[in-house]
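Peer 1:
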Amino acid sequence: MRKTIYTQMKPLWPIIRRYRWSFINLFICVVVTSVIGMVYPYIFGMLIDEVFYQRNLQFLKYIVILYGAVFAGEQCLHICFNSAWAYLATRFSFDIRKTLYDKLLSLRPAFFTASKSGDLMTIINRDTEEVLAFIHLNVFFLAANILRLLTAVAFVLYASFYLGLLMLVAVPAVVFVTVLFNRRLRTRLTEQREQYGSLMSWCFEMLAGLQDIRLLGAGKYSSRTFVHMLIQYMRVKNSSSKLEWISERTVGLISLCSDLALYITACYLIIHQQLTLGVFIASMEYFSKGGELLQRISGASRSIQRNKVAIDRVISLLQEPEENKGSDLPGLRVTKGNIEFDNVSFSYTPETPVLQNLSLVMEGGTTVALVGKSGSGKTTLASLLLGLYKPDSGEIRVDGTPISRCSLRSLRQVVSTSAQETFLFAGTLRENLLWGSVYQEDKALWTACEQAFISEYIRTLPEGLDTLIEGDHGLRMSEGQKQRISLARSFLRPAPIIIYDEATSALDGEAEKAVRAQWNNLGGSRTAIVIAHRLSTILSADKVAVLDNGRIVAYDHHLRLLSDSEIYRRLFYEQYAENGLGMNHEETAAQYQA
30 MRKTIYTQMK PLWPIIRRYR WSFINLFICV VVTSVIGMVY PYIFGMLIDE VFYQRNLQFL
90 KYIVILYGAV FAGEQCLHIC FNSAWAYLAT RFSFDIRKTL YDKLLSLRPA FFTASKSGDL
150 MTIINRDTEE VLAFIHLNVF FLAANILRLL TAVAFVLYAS FYLGLLMLVA VPAVVFVTVL
210 FNRRLRTRLT EQREQYGSLM SWCFEMLAGL QDIRLLGAGK YSSRTFVHML IQYMRVKNSS
270 SKLEWISERT VGLISLCSDL ALYITACYLI IHQQLTLGVF IASMEYFSKG GELLQRISGA
330 SRSIQRNKVA IDRVISLLQE PEENKGSDLP GLRVTKGNIE FDNVSFSYTP ETPVLQNLSL
390 VMEGGTTVAL VGKSGSGKTT LASLLLGLYK PDSGEIRVDG TPISRCSLRS LRQVVSTSAQ
450 ETFLFAGTLR ENLLWGSVYQ EDKALWTACE QAFISEYIRT LPEGLDTLIE GDHGLRMSEG
510 QKQRISLARS FLRPAPIIIY DEATSALDGE AEKAVRAQWN NLGGSRTAIV IAHRLSTILS
570 ADKVAVLDNG RIVAYDHHLR LLSDSEIYRR LFYEQYAENG LGMNHEETAA QYQA
């Protein structure tokens, strides 16, 4: 069992090792307290034999002094242990959560694609507490109770060999029952934890989309789904509880049988004057404590099975392969901002290729628009440039340097992004704007906000840049306002390459045109990649790259593509047909470029 525990906790040893002396001191404290706490029945037995039967009143004084000293020492040790454990548990929990959070920041994007948010939240919150409970139950609680049980057996063996044999029979019986039930219990607890994670993930998703559920009239359907998942979880939980109850009652039955055997054997020994009344009463107390300790050990063992399931999830997360950041590689230096995709192929799954032998050259300081139907590979192309994924074949170069030969940190410092789905953190507007930015002065913040056309709105707020947003008590912003904040972030970062992934989809036509003018003002100093389904956002681009089925099928200026590319022309006219614009493409282009 010791080897199993060591093996299971091995990935956590770097954290445990920081507090090894605290753990050692606490363990010594537990050992001493456990032994001292089992002296009371022995003292009481001496009191009966020496004082009540032998009428040795002088001995009473020593018993009172001994009892007081043992009690005072035990209480002092308890106070020291509880204080030290409270401090250690807080620090240890902090270190585990920080380690898990840092691990999440370093994992590959594919991990988050396959994981559920509810599962990850459960691991960081609940499962971390289970790690502490595992250490407390294993190292301290279980060890203390085992020591108390061994001390009780030793006292009874010392007082009466026959009574000691009874305890030696009861202990292995309880151990056998506990091990037998724990094997089945752990399987049930694993299923229970998985069901709970699925339930929490589903609830998290439903709460995020509660408004859509109401608008779609899907309340009854979501309620039925919730009830179905809850019933599945409750069935597994009830099965686990049933096993725990049967195990607990079986151990209780063994304790009862051992007590009955004690009374019968003790009566026989007392009748034949082989046992004093004091020793019998002390032994009876030790048997009673032994039964309680066996119940506690059995209960702790069942709880440990629950802890192990949680620890497996924590360890599994810690052992996930990390994103190769290339920390030992040189940094990427960008002078012109030229970008080249050379025969790049990529697929999320082997059977479904997303990009196929794609080649594309973007000159520094120009704006290139990526257009194509949904699923054509536009966002994937940007993800590859950011180093979120690695190409299956081919190479991506920035100013002639393959990005695979430079560190990810330096790559992401030279590439700024603004996406359609903007996430704002619970905090102030200032804090949200400064995420990932080196600028700290208000002047730079207001300049970026003006470029994103959000400054007028911010000035109307009583607290200005210090206004709380999101969170439980913060300001709720519209999607358009969120996108402007995201654009302001990208303007703040001095990155020579900018990626706009449908970054203006929530803006109205006038605001979009104004923001596009700011992109044009950045021309010559930054390379801009614009991804959009709305073709109106890319009319001012220097070049347009048309993607279809993972390939570049056309790459030229907008007007030339309208004349030469059937795919682009169809995309363009479908877009404006939806908007009800009955003008030819020259008039349309002139209007949007004006």
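The sequence shown begins at 30 in our numbering and counts up one residue at a time.
All residues carry an ideal CB built from backbone N, CA and C; glycine is no exception.
Find out if the Cβ-Cβ distance for the pair V160, I125 is shorter than 8 Å.
Peer 2: yes
Peer 1: Within the continuous alpha helix (DSSP H) that includes Q385, where are the two ends?
Peer 2: Q385 -> not in any alpha helix (DSSP H); beta strand (DSSP E) instead, spanning 381-391.
Peer 1: Are D156 and A339 closer than 8 Å when you measure CB to CB?
Peer 2: yes
Peer 1: Please check the pair V383 and F375, which I expect to be a contact at CB under 8 Å, by giving their CB distance rounded to whole angstroms.
Peer 2: 5 Å
Peer 1: Who are E351's beta bridge partners in DSSP?
Peer 2: L136
Peer 1: Quick one: is L95 buried, meaning 16 or more other Cβ sit within 10 Å of its Cβ, or exposed?
Peer 2: exposed
Peer 1: Which same chain residues end up closer than 6 Å to I624 when comparing Cβ atoms and leaving out the 5 residues on each side of it in sequence?
Peer 2: Shown here, the chain extends from 30 to 623; a query on residue 624 therefore has no answer.
Peer 1: In angstroms, rounded to a whole number, what distance separates the CA positions of G12 and S403?
Peer 2: Since the first residue of the chain shown is 30 and the last is 623, residue 12 is not available in this structure.
Peer 1: Sorted by chain position, which residues of the same chain lie with C-beta nearer than 6 Å to E79's C-beta, five sequence neighbours on each side aside?
Peer 2: N85, F88
Peer 1: Since S519 contacts S436 with CB under 8 Å, what's their CB separation in whole angstroms?
Peer 2: Not confirmed; about 21 Å, so no contact.
Peer 1: Can you tell me where the alpha helix (DSSP H) with A247 in it begins and where it stops?
Peer 2: Element bounds for A247: n/a, residue is neither H nor E.
Peer 1: Might you give, ordered along the chain, the residues of its own chain that have their beta carbon closer than 7 Å to the beta carbon of D288, omitting 5 neighbours on each side?
Peer 2: F316, G320
Peer 1: Just the C-alpha distance for A295 and S268, rounded to the nearest angstrom, thanks.
Peer 2: Distance between the alpha carbons of A295 and S268: 41 Å.
Peer 1: For V203, tell me which candidate among S135, I275, D148 has the shortest Cα-Cα distance.
Peer 2: The shortest CA-to-CA distance from V203 to any of S135, I275, D148 is the one to I275.
Peer 1: Return no unless some Cβ of chain D is closer than 8 Å to the Cβ of F81.
Peer 2: No chain D appears in this structure, which consists of one protein chain only.
Peer 1: Evaluate contact between the stretch 126-140 and the stretch 346-353, counting only Cβ atoms and requiring at least three cross-stretch pairs below 8 Å.
Peer 2: yes
Peer 1: Helix, strand or coil: how does DSSP classify T294 here?
Peer 2: helix
Peer 1: If distances are taken between C-alpha atoms only, which option among V443, S484, L440 comes closest to R459?
Peer 2: Checking every option, the nearest Cα to that of R459 belongs to S484.
Peer 1: Ignoring anything shorter than 4 residues, give me the alpha helix (DSSP H) runs that lie fully in the stretch 281-349, in order along the chain.
Peer 2: 306-347
Peer 1: When DSSP labels each residue in this structure, what does V444 get in the three-state scheme?
Peer 2: strand
Peer 1: Which residue wins for smallest C-alpha separation from L76, given the options V93, Y377, C286, T62?
Peer 2: V93
Peer 1: For Y250, count neighbouring Cβ atoms within 10 angstroms of its own Cβ and tell me buried if that reaches 16, exposed if not.
Peer 2: exposed
Peer 1: Are V559 and A574 close, meaning C-beta to C-beta below 8 Å?
Peer 2: The answer is no: Cβ separation not under 8 Å.
Peer 1: Rounded to the nearest angstrom, what separates Y48 and Y377 at their Cα positions?
Peer 2: 42 Å
Peer 1: Quick one, which of A448, A411, I498 has its alpha-carbon nearest S515's?
Peer 2: A448
Peer 1: By how many angstroms is the C-alpha of T457 removed from the C-alpha of G503?
Peer 2: With a pLDDT of only 48 at G503, under 50, the local geometry of the prediction cannot be trusted, and the value read off the model is given with reservation. Going by the C-alpha atoms only, they are around 8 Å apart.
Peer 1: Curious, which full-length alpha helix (DSSP H) runs of at least 4 residues does the stretch 395-430 contain?
Peer 2: 407-414
Peer 1: Please tell me whether L117 and E352 are closer than 8 Å, where the distance is taken between their beta carbons.
Peer 2: no
Peer 1: Quick one: measure Cβ to Cβ for S332 and E277, integer angstroms, because I've assumed they're closer than 8 Å.
Peer 2: Not quite, the Cβ-Cβ distance comes to about 12 Å (not below 8 Å), so this is no contact.
Peer 1: Are the beta-carbon atoms of G394 and S594 separated by less than 8 Å?
Peer 2: no
Peer 1: What is the rounded straight-line gap between the Cα of S230 and the Cα of T430?
Peer 2: 42 Å
Peer 1: Considering Cα atoms alone, identify which of D341, L497, P525 is closest to I153.
Peer 2: D341
Peer 1: Rounding to the nearest angstrom, what Cα-Cα distance links H301 and G193 in this structure?
Peer 2: One C-alpha to the other measures close to 18 Å.
Peer 1: For N267, does the three-state DSSP call read helix, strand or coil?
Peer 2: helix
Peer 1: Are there 16 or more other CB atoms within 10 angstroms of the CB of K271, so buried, or fewer, so exposed?
Peer 2: exposed
Peer 1: So does the stretch 48-64 actually touch the stretch 167-174, counting three or more Cβ pairs closer than 8 Å?
Peer 2: Yes, the stretch 48-64 is in contact with the stretch 167-174.
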